[in-house]
Amino acid sequence: MTATPATQAPASSGPTTSSDAYAPTDRTVPTRSRDRARYDRETVHSILDQAYICHLGFIRDGAPVVLPTLFARVGESIYIHGSTGSRPLLAAGQSDPGLAVCVTVTHVDALVLARSAFHHSLNYRSVIAHGIAYEVTDEAERRTALDALVDSAVPGRSADVRPASARELAATAVIRLDLTEVSAKLRNGPVNDDAEDLDLPYWAGLVPVAPAYGTPVPDAHLAPGTEVPGYLTAL
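Reading the sequence shown from the start, the letters are residues 2 to 236 in my numbering.
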């Protein structure tokens, strides 16, 4: 499923640039398989927009913490939301100049089964973004971010629900990470067995992996006559 990001980011949603690629840094250049790294915006944005779960890494009390959470991209920023009592969101709001984070997104496209155990691998697409996350306090930006978070899982959904109330907005925190130090890494290829192993009597090849969606299950209290919306059947 490909999420559709908002077409226009709010004015405060981070830097804009006409460059087609992100500048590599010491943290975004891999130490292994550098040929798999990509820095162009088209690749990075495509990988981000086809996901709605990321892993948010940060330091808490001197130790690393990694949390799976919902996210969405709007322009050159990604947004993450949670309860106002969430530790990383609290830290982003209380710290100066914000919270140092690392955000990762990964898609698995195929299992690569080789003749040797050593050459087993995955075909994958991933993005890693480093930077400082900031609490979003502007109400218009918060609403844009929250709509994008809903649409990242089910495109079109934010226009087909009751908007958040003032009380609900007050209970929800949003942080923003601007996409400045970011890279993608991909593997998309066949088995890479050693030449001397090619005649071994073991099956080798690719096992494709793709997300699957089941038939929508209506809520027990659904209003009579409410049909499954088209954007949902399209999944």
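Glycine is no exception: its CB is placed at the ideal position from the N, C-alpha and C atoms. Because the structure is a prediction, the values reported are computed rather than measured.
- Buried is the label assigned to V151, since at least 16 other Cβ atoms lie within 10 Å of its Cβ.
- Relative to R37, the option among T234, A224, N189, E182 whose CA is nearest is N189.
- Where H46 is concerned, the enclosing alpha helix (DSSP H) starts and stops at 42-50.
- Rounded to the nearest whole angstrom, the CA to CA distance from V104 to L199 is 39 angstroms.
- Linking P65 to G58 through their CA atoms gives a straight-line distance of about 7 angstroms.
- A straight-line Cα-Cα distance of about 25 angstroms links T44 and E142.
- Only residues of its own chain outside the window of five on either side were considered, and among them A93, I133, A134, Y135 have a CB closer than 6 angstroms to the CB of G99, listed in chain order.
- Between L49 and V128, the gap from beta carbon to beta carbon is short of 7 angstroms.
- With contacts defined as CB atoms closer than 7 angstroms, A149 and L180 fail to qualify as a contacting pair.
- Taking C-alpha positions only, R61 is separated from D220 by approximately 39 angstroms.
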